[in-house]
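So the sequence shown is residues 1 to 320, counted in UniProt numbering. Glycine is no exception: its CB is placed at the ideal position from the N, C-alpha and C atoms.
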Amino acid sequence: MDDTERDAITEWIEGVATDDLSPSGSTRSDITANDRSRQPSSSPTRTKSNLASATPKIRYLHESADPGSELARELLALLTAEDNDGWEPETHEIDKVSAASHKCDAQLRSESSWVIEVVRPLLQCAIGTLPLECWSVQTETVDPKYQPRYTARDTYSRKIDLVVGFPTDEWPDEYERMAALSSDRCFSHITHPHTGARFLGPGFEIKASDGNLVEAQVQLGVWMAGLITWMWERRCKGALPPPVVGCISIGERWDFYIIYGVEIVGSARPEVRVWGPLSDLDARTGSRKATTLLAKRLRQVMKYTESQYFQQLLKAFTPS
1 MDDTERDAIT EWIEGVATDD LSPSGSTRSD ITANDRSRQP SSSPTRTKSN
51 LASATPKIRY LHESADPGSE LARELLALLT AEDNDGWEPE THEIDKVSAA
101 SHKCDAQLRS ESSWVIEVVR PLLQCAIGTL PLECWSVQTE TVDPKYQPRY
151 TARDTYSRKI DLVVGFPTDE WPDEYERMAA LSSDRCFSHI THPHTGARFL
201 GPGFEIKASD GNLVEAQVQL GVWMAGLITW MWERRCKGAL PPPVVGCISI
251 GERWDFYIIY GVEIVGSARP EVRVWGPLSD LDARTGSRKA TTLLAKRLRQ
301 VMKYTESQYF QQLLKAFTPS
């Protein structure tokens, strides 16, 4: 064998080795190269099932199941109750969102188009003048210590698209009070300097019309489990952090979930439960009427978030 042939064989072997080591394809940028080499390779369905054995455990409950939480039941009752405050979304905002939804669906637009043209404008409409903001967290990382673990060293890492949070300029007294109780001034499970220093509420995972529901449930469950775990780590002894709303939008369809922690005897971490999708809260963005009803549903979520949710969250962090 001459040198040319030997070099060609060596180059071919190196190419094969590189191919074998390359990470498997992913539709999202939420798993780093290092994560890919350590993440268990499985389908979304297998991963969803395996999360029941993670630390903390993440259990997905059918809507007919007993949630095992009075706070979760009370939240569902609140969100399904008739709201008589008289709030109505602006007609031009509803028309714009409904038209954008139709366009994105008819043209088979990408996930990013749904986020920018449909979901975010609708969330901002529902927030209105409430002291809340909608932030993108697509590229922001959850602190590894709040990621569910599948071995002693390795974690599940997933990201979602949007989160509703509490801007510091709208809640200066609350942030000042909580800063006095927190040496690190970290108010969420995110490592980013902005959202890591803000209290967070409902999370939203968005997919195009052909998106995978189970994959979205895994992303929402893992990300929100980080938030719940952070709450329970920071709570004062015996205090119960509030349940939080999670939402998955696949094309024109919107599914709502209630996510919360349940105390486990002998464990410092809670079991995280994802209850839903809850058919009593289902909504769509297809017609103008349907979009209006969805906006009102989201308004109820925002009102709960800026009142009962935040009050209970701060109470859980405050020594009695």
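Beta-carbon proximity list for residue i, same chain, < 8 Å, skipping 5 on both sides
i      : result
Asn212 : Pro44
Leu315 : Correcting the residue type first, residue 315 is Lys in the shown sequence and not Leu. Result list for Lys315: Ala239, in chain order.
Ser307 : none
Ser42  : Asn50
Ser110 : Ala208
Trp87  : Gly128, Lys296, Arg299
One or two residues paired with residue i in a DSSP bridge
i      : result
Trp254 : Ser249, Ala283
Trp230 : Looking at the DSSP assignment, Trp230 forms no beta bridge with any residue, so it has no partner.
Glu271 : Val262
Trp135 : Val163
Glu205 : Ile248
Thr55  : Arg149
Leu61  : Trp275
Thr155 : Arg149
Ile190 : Val142
Leu200 : Gly165
Under 7 Å between C-beta atoms of residue i and residue j
i      : j      : result
Val218 : Pro148 : no
Ile258 : Leu75  : yes
His192 : Glu140 : yes
Arg120 : Gly165 : no
Ile94  : Thr292 : yes
Leu220 : Gly246 : yes
Leu122 : Val97  : yes
Asp105 : Ser209 : yes
Tyr146 : Gly251 : no
Val214 : Lys48  : yes
Chain-order list of residues whose beta-carbon lies under 7 Å from that of residue i (same chain, five-residue window excluded)
i           : result
Met269      : Looking at the sequence shown, residue 269 is not Met but Arg. Cβ within range, chain order: Thr55, Pro56, Thr229, Trp232.
residue 362 : The first residue shown for the chain is 1 and the last is 320, placing residue 362 beyond what the model contains.
Ala126      : Ala295, Leu298, Arg299, Met302
Gln138      : Lys159, Asp161
Thr305      : Leu132, Val164, Gly201, Pro202
Arg288      : Ile94, Asp95, Ser98
Glu170      : Pro131
Ala65       : none
Glu117      : Ala100, Cys104
Gly25       : Summary for Gly25: the model assigns pLDDT 36, below 50, so the residue's position carries little reliability; its value from the coordinates is reported in the next sentence. None.
Gly276      : Glu63, Asp255, Phe256, Tyr257, Ile258
Tyr175      : Thr168
Leu78       : Tyr304
residue 331 : Because the chain spans 1 through 320 in this model, residue 331 falls outside it and cannot be assessed.
Supposed contact pair residue j and residue i - C-beta distance, whole angstroms, cut 8 Å
i           : j      : result
Val115      : His189 : No, Val115 and His189 are not in contact; Cβ-Cβ is about 21 Å, not under 8 Å.
Gly201      : Tyr309 : 6 Å
residue 376 : Asp255 : Nothing about residue 376 can be read from this structure; the chain reaches only from 1 to 320.
Phe317      : Leu108 : With a Cβ gap of about 45 Å, Phe317 and Leu108 do not count as contacting.
Cys260      : Ala72  : Looking at the sequence shown, residue 260 is not Cys but Tyr. With a Cβ gap of about 5 Å, Tyr260 and Ala72 count as contacting.
Ser101      : Gly286 : 7 Å
Thr155      : Pro144 : 6 Å
Thr195      : Trp135 : 6 Å
Cys236      : Pro319 : 5 Å
Same chain, Cβ closer than 6 Å to residue i, five either side skipped, listed in chain order
i           : result
Gln312      : Pro242
Ser29       : The predicted position of Ser29 is uncertain, since its pLDDT is 43 and thus under 50; a value taken from the coordinates is nonetheless stated next. Closer than 6 Å at the Cβ level, and outside the excluded window around Ser29, lies no residue.
Ala290      : Arg284
Met224      : Gly203, Gly246, Ile259
Leu21       : Low per-residue confidence applies at Leu21: pLDDT is 32, beneath 50, and the placement is therefore not dependable, though the value from the model is reported in the following sentence. Hits under 6 Å: none found.
Ala179      : Arg185
Arg234      : Phe317
residue 352 : The structure shown does not extend to residue 352, since the chain is modelled only from 1 to 320, so the question has no answer here.
Thr32       : Below a pLDDT of 50, predicted positions are generally treated as unreliable, and Thr32, at 41, falls in that range; the measurement from the model is reported next regardless. So the list is empty, once near-sequence residues are dropped.
**OP:** Can you check the stretch 102-137 for any beta strand (DSSP E) of at least 3 residues that lies completely inside it and give the ranges in chain order?
**Re:** Complete beta strand (DSSP E) runs here, min 3: 133-136.
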